[in-house]
Amino acid sequence: MSKKRSKIQILRFLVQAVFMAGLIFSFTPNSKNVSQWMLPTILLLGVFFCGWVCQLGAAQDWMAKLGRLLHLPRVRVPQSIQRYLQLLRYGFYLALTMGISIELLQGPKNFAMMWHGHLLSIATGIIIFFLLLGLFIDRPFCNYFCTGGARQGLFSVLRIFGIKRDAEKCKQCGTCTRTCPMNIDVAHTDFVRHPNCIGCLSCISACPKGYLKYGLMPPRKGK
């Protein structure tokens, strides 16, 4: 990882820390104001919110780092299973749109509840479970259960800017795929439009040759 690329992840950590502090000390932006810029941001940059702002996502990232520091075993779901397992959150989202209440899967909302007098709620227990699971699996809640991420992801396939792989130079070493917290097969994707991509840029930071770039996405044609 070059110094330039490592700075990206330092910046992301600082942004996440600011929003986490905002949640803890109750100075997060008004939800109505957030919703006004959410869709334009998704269409422009993809699911930027999940990778840089969401406090529950940040907490899972930090638990993953802790797990690595403690040398705990890491569980990586094989791509052959991931492609089906990742559909879970879209199934939950579909259920919500059909009027079925699954409040425990409203991730960021219930994560905020932890700091506002609901420490004994079932939601808190569920979130603690996923945070502990995050010691072994990257972003387990985001990958398979977050309905908010699913909703944003469906719009993000239309993003204007995104991650591009230099297919001519890339030898598909797989470093980017192994680094992706959302378990996306970046090494075999020329233009990352995957709805699960959270724009964390971890794959770009991890690429040893710099063959991944962030920039303007071409019109959708094939891969």
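Under the numbering used here, the first residue of the sequence shown carries the number 1067, and numbering increases by one thereafter.
Just so you know, even glycine gets a beta-carbon here, dropped at the ideal spot from N, CA and C.
Note that the structure is a prediction, hence the values are computed from the model and not measured.
- A1124 places its beta carbon less than 7 angstroms from that of M1086.
- Non-local beta-carbon contacts of F1202 in its own chain, meaning distances under 8 angstroms to residues more than five positions away in sequence, involve G1133, L1138, P1139, R1140 and V1141 in chain order.
- Beyond the five residues adjoining it in sequence on each side, D1204 comes within less than 6 angstroms, by CB distance, of A1130 and P1247 in the same chain, given in chain order.
- Note on geometry: alpha-carbon atoms of Y1280 and Q1152 lie some 24 angstroms from one another.
- Distance from the CA atom of M1164 to the CA atom of F1257, rounded to whole angstroms, is 32 angstroms.
- In this model, C1212 and R1155 are separated by some 6 angstroms (Cα to Cα).
- Taking C-alpha positions only, V1119 is separated from L1135 by approximately 24 angstroms.
- Per the C-alpha coordinates, the member of Q1121, D1251, L1080 and I1229 positioned closest to S1271 is I1229.
- Secondary structure note for G1265: it is in no alpha helix (DSSP H), with a DSSP letter that is neither H nor E.
- Counting along the chain, the unbroken alpha helix (DSSP H) around F1196 starts and ends at I1188 to L1199.
- Looking at the DSSP output, R1078 sits in no beta bridge, so it has no partner there.
- Short of 7 angstroms from the beta carbon of L1111, and not among the five residues preceding or following it, lie these beta carbons of its own chain, in chain order: R1225, F1227 and G1265.
- Between C1269 and C1242, the beta carbon gap of about 4 angstroms places them in contact (Cβ cut-off 8 angstroms).
- Under the 10 Å beta carbon count, L1278 is surrounded by 16 or more other beta carbons and is classified as buried.
- Setting aside the 5 residues that flank it on each side, V1081 is surrounded in the same chain by W1118 and V1119, each with a C-beta closer than 8 angstroms to its C-beta; the list follows chain order.
- By the neighbour-count criterion, in which a residue is buried when 16 or more other Cβ atoms sit within 10 angstroms of its Cβ, P1274 is exposed.
- With fewer than 16 neighbouring CB atoms inside 10 Å of its own CB, P1144 falls in the exposed class.
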